[in-house]
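The first sequence begins at 1 in UniProt numbering and counts up by one. Note that beta-carbon positions come from the ideal geometry of N, C-alpha and C, so glycine has one too. Bear in mind that the values here come from a model prediction, so they are computed numbers and not experimental data.
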Amino acid sequence: MMANGMDTVVQQNGGATLGQASQEESKTNLIVNYLPQSMTQDEIRSLFSSIGEVESCKLIRDKLTGQSLGYGFVNYHRPEDAEKAINTLNGLRLQNKTIKVSYARPSSEAIKGANLYVSGLPKNMTQQDLENLFSPYGRIITSRILCDNITGLSKGVGFIRFDQRVEAERAIQELNGTIPKGSSEPITVKFANNPSNNNKAIPPLAYLAPQATRRYGGPIHHPTGRFRYIPLSPLSSTGKAMLAINKGLQRYSPLAGDLLANSMLPGNAMNGSGWCIFVYNLAPETEENVLWQLFGPFGAVQSVKVIRDLQTNKCKGFGFVTMTNYDEAVVAIQSLNGYTLGNRVLQVSFKTNKSKAA
DNA sequence: TGCGATT
């Protein structure tokens with residue numbers, strides 16, 4: 001039912017190395033990394049509220065510029081919602097990013113300044129190699145090797161974030177200036193630039209991929225081109241729902257008559273802010289995360305809504321997605337209209353005002 | 001077939 005040659009399944013662990021269950025009271029608080037630059041706190045809240053009731057939500061911003069640092073925290077009331085959020089939202093593609101959702105560690109001084117910058121790495125060293133090299137000195141939270149955008153080859157530079165600063169300090173002492181086996185050049189290991197200290201226009205190294213870097217470390221997954229939408233991420237919690245392409249790739253042809261016409265109907269699509277999109281033929285068990293996964297890759301999504309029967313709580317077969325930018329909405333519609341989701345062919349268009357005669 | 005009643 002899957003294995004259509006065009007299906008793309010993203011193996012989503014990004015090499016993250018968290019694993020221990022030895023955490024204490026962090027069963028409701030999540031850290032969300034690799035958020036799209038433009039994503040607002042409200043949009044984050046909207047996304048995570050699709051899982052369960054959110055107690056609090058905080059997008060971390062640059063103290064001076066107010067710009068998003070690309071990560072934030074979401075605290076749920078219920079631990080089971082937090083767990084579900086990890087299961088269904090981790091690896092979600094939003095615009096040019098793939099977000100990471102994991103339990104937040106308890107905030108403390110000891111975990112700050114535990115990020116290391118490593119250079120002089122042999123070009124053939126993998127992320128796993130890097131972790132193996134550093135793992136003797138502590139618990140690795142994240143690791144990453146920077147790759148050339150075009151060639152995908154290692155730049156010989158990477159980052160290691162330890163759980164504790166003391167672990168990072170020890171790794172510096174033990175590894176700085178040493179020559180990895182099989183290499184000829186010594187590596188440099190030092191503390192990474194701390195975004196909060198450097199008030200320069202230096203992007204926060206630990207969390208935000210630089211603008212030019214469209215890629216994150218890990219295996220060379222091919223980021224999907226904007227006009228070549230390859231649905232992915234088998235919808236974890238909901239089960240199967242493997243997305244498949246059943247339709248030729250479409251190009252965005254400007255001024256596709258119907259699209260434009262519909263979107264301009266009075267009082268319809270553009271309600272205050274954003275363009276509302278109607279999605280029809282959703283399965284009864286559809287949840288919000290399905291809509292996020294479908295539309296997220298195309299651009300800024302403000303909100304999604306699955307319409308449910310009040311008695312059965314099952315989806316009534318349709319839903320709505322509000323996107324910020326017209327262009328992105330058009331591409332999303334043209335790309336998703338006619339796609340097969342499960343065994344259903346979706347119909348996607350700008351929302352019109354059918355019933356509800358104001 | 002179809003276009004949000006839980007702020």
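In the three-state reduction of the DSSP assignment, Arg139 falls in the coil class.
The continuous alpha helix (DSSP H) containing Tyr326 extends over residues Tyr326 to Leu336. Under DSSP, Met323 shares a beta bridge with Trp275 and Val301. Taking the C-beta atoms as reference points, Ser26 is found nearer than 7 Å to Ala104. Between Phe191 and the set Lys123, Gly113 and Ser135, the nearest pair of CA atoms involves Gly113. Look at Leu121 here: in three-state DSSP terms it is coil, with no helix or strand label. For Tyr76, the beta-bridge partners assigned by DSSP are Val54. Sequence-distant partners of Pro36 (beyond 5 residues in either direction) whose C-beta falls short of 6 Å from its own C-beta, in its chain, are Leu94, Gln95 and Lys97.
For Leu130, the enclosing alpha helix (DSSP H) has its first and last residue at Gln127 to Phe134.
In the structure shown, the three-state DSSP call for Asn87 is helix. In the displayed model, Arg105 falls within coil according to three-state DSSP, outside both helix and strand.
With respect to Asp81, Ile51 sits close: the two C-beta atoms are nearer than 7 Å.
In this structure, Val189 lies near Leu175, with their beta-carbon atoms less than 7 Å apart. Taking C-beta atoms under 8 Å as the contact rule, Leu294 and Leu336 qualify, at a distance of about 6 Å.
In this structure, the straight-line span from the alpha carbon of Leu310 to that of Asn289 is close to 19 Å. Comparing alpha-carbon positions, the option among Phe320, Lys123, Gly177 and Leu30 lying closest to Ile99 turns out to be Leu30. For Lys58, same chain residues with a beta-carbon under 6 Å away, outside a window of 5 residues either side, are Gly72 and Phe73 in chain order.
Distance from the CA atom of Glu83 to the CA atom of Thr28, rounded to whole angstroms, is 8 Å.
Following the DSSP letters along the chain, one finds Leu30 inside the beta strand (DSSP E) bounded by residues Asn29 to Asn33.
In the three-state reduction of the DSSP assignment, Asn289 falls in the helix class, which pools H, G and I. Look at Ser154 here: in three-state DSSP terms it is strand.
For Ile179, the secondary structure class from DSSP, reduced to helix, strand or coil, is coil.
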